[in-house]
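S.K.: Mind having a look at this structure? Questions to follow.
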Amino acid sequence: MTQTPQLLFKNRRPGETAFLQEYLKTGGYQGLKKALKTLTPAEVVDAVKASGLRGRGGAGFSTGMKWSFFPADQPGEKYLVCNGDEMEPGTYKDRELLMADPHQLVEGMIIAAYALQAPVGYIFIRYAYEQCSKNLERAIAEAKQAGFLGQDILGSNYSLELHVHRSAGRYILGEETALLNGLEGRRPNPRSKPPFPAQRGLFGKPTTVNNVETLANVSHIITGGPEWYANLARSPKGAGTKLFGLSGHLERTECFELPVGIPLREVIEEYGGGVRGGRRFKACLPGGASTPYLTGAHLDVAMDFDPLAEVKSRLGTACVTVFDETTCMVAATLNLNRFFARESCGWCTPCRDGLPLVNWLLEKIERGEGTLEDIEMLKDQQRNISGRAFCALAEGAMGPVGSLLRLFMDEIEDHVRKGRCPLRS
Amino acid sequence: MAELLPQQQVEHFKAKAAAIAHPMELVVDVLRAIQDHHGWVPDEGVELAAKILGTSPLKVEEIATFYDKIYRQPVGKRVIHVCDSICCWTREAEQIYAYLQQKLGIAPGETTADGVFTLLPSCCLGACGKAPALMIGLNTYGHLTREKVDEILAKERSTVKT
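Encoded structure:
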């Protein structure tokens, strides 16, 4: 097992949370001091762009690029919003981060908000993460007390207010425009884009939304420099480290900080301890419930954005869920699709009506009552829903369905031929 | 009907709403506070939230019916949310869910006769590394077994005031 530099998890201790004193001991708020005292906001944006940091919430867009679209020079109300609505099945890395070391997010947000010249920031936290909300509230209070947050931070003439917003459950809130509606106290359906949040976001003002892990990386990029950060990755185009939350049929279902570009095989065998009970690997979701399956043929793929796109999947949140040889992939896909159908906000037809139809087809096939026509209809639905919905929820739901059709057609047809699930006795 | 929200909290939210430019950003906080105090959010709770925030009950209702952790019907004193998402599914969550139904003598969506527990399915709880998992109130429990479920139910039951 190669040792990886630990940035985000350097203060992680089992069952404990590092607050200000411990955070300061390991170099906490040095990045903030460097940014505010030696860099202009534009230079911070350039450093983040040069680091190659890509969004850690699933979409993987260049963070520096996203910030460069923001009208930082425009005076008046502007917002930085942290997306902590981590509700994609398989993904629990942000909880681990906030339980271990909440000041990293606070420091990252102050630097990011300085770069964007936003005077107000919100941290949006899902209902189930109450302890994370409390940790953040304490970290914010400590940072204020220490002069890292509030008025005229470190004598820089820059001021920032940070608020924690507690939510009340629903996956769609993770979609950035639905999240903004949720923060405003509106029914959280996604918004039409354009205008993008950088032009018209929270309360109609310019807004940038970034994931917890993305923002937590910012202080490390400023402290260590963009080149150092980029070189932490193992793949040529990758950058930095990544939190990998492991789950499913593995011996060890824990969260690790590993280099971007680490081979999937190493994640599963070295860190996950291999498939549980000595069984064989069948498939995995490489980055949450919306990422297309990978099989044993893909075990040597580098866990990075581009290499995973080349094998028709996505890095997503890099939270890997493994299925062993006994798993019925139709049943697994049905479970995933039920989640997406239930969590659809119902705003648009492909999602509201299409996902229940996909459920109906998968249920029928899994029960052994499916026909070859049902398989054709499933293919049609997958094609028709993908790219035709208002936001990315339905598109994400079709990730597993599309890869089921592409990689496990034999298994689907076996259900139809045998008139039962071939993997259930 | 029992008090929806202590007057002191009503005043606190009113003052907060008056001090900010966009009072509706507090709507989830107000609904959660009513639910924490009253157990669930009745129509009168929606009306109270609307009054505090200076908006219409319809605007509040749009929110109250959207989130799955806001209860618009009476529930037991402890609501059990059982995760049925993929990671828990791979680690025998269906059996745990069946055991809970058998042990409590209720189907999903129902409340035990003594009014203590309501059982609901839930999407991912973000406890995938500790699957199978469930949440009661704001407490998450993972690595569930039948024995552990027995202990959790006994512990949660002991915290309920009779």
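Sequences listed follow chains H and Y, in order. Counted the way our numbering counts, the first sequence spans residues 1195 to 1619. Counted the way our numbering counts, the second sequence spans residues 190 to 351. For every residue, glycine included, the Cβ atom is placed at its ideal position computed from N, Cα and C. As the structure is a computational prediction, the values presented were derived from the model and not from experiment.
Out of curiosity, what's the CA-to-CA distance linking H:GLY1442 and Y:PRO231?
M.R.: For H:GLY1442 and Y:PRO231, the distance between alpha carbons rounds to 39 angstroms.
S.K.: With the cut-off set at 8 angstroms, would you say H:PRO1486 and H:VAL1495 are in Cβ contact?
M.R.: Against a cut-off of 8 angstroms, the Cβ pair of H:VAL1495 and H:PRO1486 comes out as no contact.
S.K.: Could you tell me which residues DSSP pairs with H:GLY1481 in its beta bridges?
M.R.: DSSP output for H:GLY1481 lists no bridge partner at all.
S.K.: Look at H:VAL1548 and H:ALA1588 and say whether their C-beta atoms are less than 8 angstroms apart.
M.R.: Val is not the amino acid found at residue 1548 of chain H; the sequence shown has Gly there. A contact, by the Cβ cut-off of 8 angstroms.
S.K.: Are the Cβ atoms of H:GLY1510 and H:LEU1247 separated by less than 8 angstroms?
M.R.: No, Cβ-Cβ distance for H:GLY1510 and H:LEU1247 is not below 8 angstroms.
S.K.: Indicate the three-state DSSP secondary structure (helix, strand or coil) for H:HIS1609 in the structure shown.
M.R.: Correct three-state label for H:HIS1609: helix.
S.K.: In chain order, what residues of the same chain lie with their CB nearer than 8 angstroms to the CB of Y:LYS292, ignoring the 5 residues before and after it?
M.R.: Closer than 8 angstroms at Cβ, skipping near neighbours: VAL338, ASP339 and LEU342.
S.K.: Closest to H:SER1597 by CA distance: which of H:THR1489, H:GLY1562 and H:GLU1570 is it?
M.R.: The residue with the shortest Cα to Cα distance from H:SER1597 is H:THR1489.
S.K.: Which first and last residues belong to the alpha helix (DSSP H) in which H:LYS1227 is found?
M.R.: Unbroken alpha helix (DSSP H) run through H:LYS1227: 1224 to 1232.
S.K.: Should H:ARG1446 and H:LEU1493 be called a contact, given that it needs their Cβ atoms to be closer than 8 angstroms?
M.R.: Not a contact, by the Cβ cut-off of 8 angstroms.
S.K.: Tell me the residue span of the beta strand (DSSP E) that contains H:PRO1453.
M.R.: Where H:PRO1453 is concerned, the enclosing beta strand (DSSP E) stretches over 1449 to 1453.
S.K.: Going along the chain, which unbroken runs of the beta strand (DSSP E) with 3 or more residues stay wholly within the region 1385 to 1423 of chain H?
M.R.: With a minimum length of 3 residues, the continuous beta strand (DSSP E) runs that stay inside the region 1385 to 1423 of chain H are 1401 to 1405.
S.K.: If the criterion is Cβ atoms closer than 8 angstroms, does the pair H:ASP1279 and H:ARG1332 meet it?
M.R.: Not closer than 8 angstroms, so no.
S.K.: Please confirm if H:ASN1553 has its CB atom under 8 angstroms from at least one CB of chain Y.
M.R.: No, because no Cβ of chain Y sits closer than 8 angstroms to the Cβ of H:ASN1553.
S.K.: Would H:GLY1344 and H:SER1350 be called neighbours here (beta carbons separated by less than 8 angstroms)?
M.R.: Cβ distance not < 8 angstroms, so H:GLY1344 and H:SER1350 don't count as in contact.
S.K.: Less than 8 angstroms separating the beta-carbons of H:VAL1595 and H:THR1527?
M.R.: Yes, they are a contact pair.
S.K.: Excluding the 5 residues flanking H:HIS1357 on each side, which residues of the same chain have their C-beta closer than 6 angstroms to its C-beta?
M.R.: Once the five neighbours on either side are set aside, the close Cβ partners of H:HIS1357 are TYR1316.
S.K.: Comparing C-alpha positions only, which one of H:LEU1292, H:GLU1355 and H:LYS1228 sits nearest to H:LYS1328?
M.R.: Among H:LEU1292, H:GLU1355 and H:LYS1228, the Cα nearest to that of H:LYS1328 belongs to H:LEU1292.
S.K.: Is there a Cβ of chain Y sitting closer than 8 angstroms to that of H:ASN1529, yes or no?
M.R.: Cβ-Cβ to chain Y under 8 angstroms: yes for H:ASN1529.
S.K.: Is it buried or exposed, H:GLU1210, if we count other Cβ atoms within 10 angstroms and call 16 or more buried?
M.R.: Counting Cβ neighbours within 10 Å, H:GLU1210 comes out exposed, since fewer than 16 surround it.
S.K.: Could you tell me the boundaries of the alpha helix (DSSP H) in which Y:HIS227 lies?
M.R.: Here the alpha helix (DSSP H) through Y:HIS227 covers 216 to 227.
S.K.: Taking the continuous alpha helix (DSSP H) assigned at Y:TYR288, which residues delimit it?
M.R.: 282 to 293 is the extent of the alpha helix (DSSP H) around Y:TYR288.
S.K.: Looking at H:GLY1482: is its Cβ nearer than 8 angstroms to the Cβ of H:PRO1283?
M.R.: Yes, they are a contact pair.
S.K.: Run through DSSP, which three-state label would H:GLU1563 get?
M.R.: Of the three classes helix, strand and coil, the one that applies to H:GLU1563 here is coil, per DSSP.
S.K.: With DSSP run on the structure shown, which of helix, strand or coil describes H:CYS1326?
M.R.: Helix.
S.K.: Might you give, ordered along the chain, the residues of its own chain that have their beta carbon closer than 6 angstroms to the beta carbon of H:ASP1295, omitting 5 neighbours on each side?
M.R.: Hits under 6 angstroms: ASN1205 and ALA1212.
S.K.: Anything in chain H within Cβ reach of Y:LYS256, meaning under 8 angstroms, just list it in chain order.
M.R.: In the sequence as presented, Lys is not what sits at residue 256 of chain Y; that position holds Tyr. Within chain H, the residues near Y:TYR256 are TYR1321, SER1361, ALA1362, GLY1363 and ARG1364.
S.K.: Helix, strand or coil for H:LEU1354? Go by DSSP, reduced to three states.
M.R.: If DSSP states are grouped into helix, strand and coil, H:LEU1354 belongs with the strands.
S.K.: For the candidate residues H:THR1285, H:GLU1290 and H:GLU1355, whose alpha-carbon lies nearest to that of H:TYR1308?
M.R.: Among H:THR1285, H:GLU1290 and H:GLU1355, the Cα nearest to that of H:TYR1308 belongs to H:GLU1355.
S.K.: Do we get a CB-CB distance below 8 angstroms when we pair H:GLU1504 with the residues of chain Y?
M.R.: Not an interface residue.
S.K.: Are the Cβ atoms of Y:TYR260 and Y:GLN224 separated by less than 8 angstroms?
M.R.: Their beta carbons are under 8 angstroms apart, which means Y:TYR260 touches Y:GLN224 by this criterion.
S.K.: Do H:LEU1437 and H:GLU1448 count as a contact pair if the criterion is CB distance below 8 angstroms?
M.R.: Against a cut-off of 8 angstroms, the Cβ pair of H:LEU1437 and H:GLU1448 comes out as no contact.
S.K.: Tell me which residues of the region 1507 to 1539 of chain H have at least one Cβ-Cβ distance to chain Y shorter than 9 angstroms, keeping chain order.
M.R.: So the close ones are CYS1513, THR1515, VAL1516, PHE1517, ASP1518, THR1521, ALA1525, ALA1526, ASN1529, LEU1530, ARG1532, PHE1533, ARG1536, GLU1537 and CYS1539.
S.K.: Give a yes or no on whether the minimum CB-CB distance between H:THR1285 and chain Y is below 8 angstroms.
M.R.: It does; some Cβ of chain Y falls within 8 angstroms.
S.K.: Quick check on Y:MET324: does DSSP put it in helix, strand or coil?
M.R.: Here Y:MET324 sits in strand by DSSP.
S.K.: Over the uninterrupted beta strand (DSSP E) stretch that includes Y:HIS270, give me the two end residues.
M.R.: Start and end: 267 to 272.
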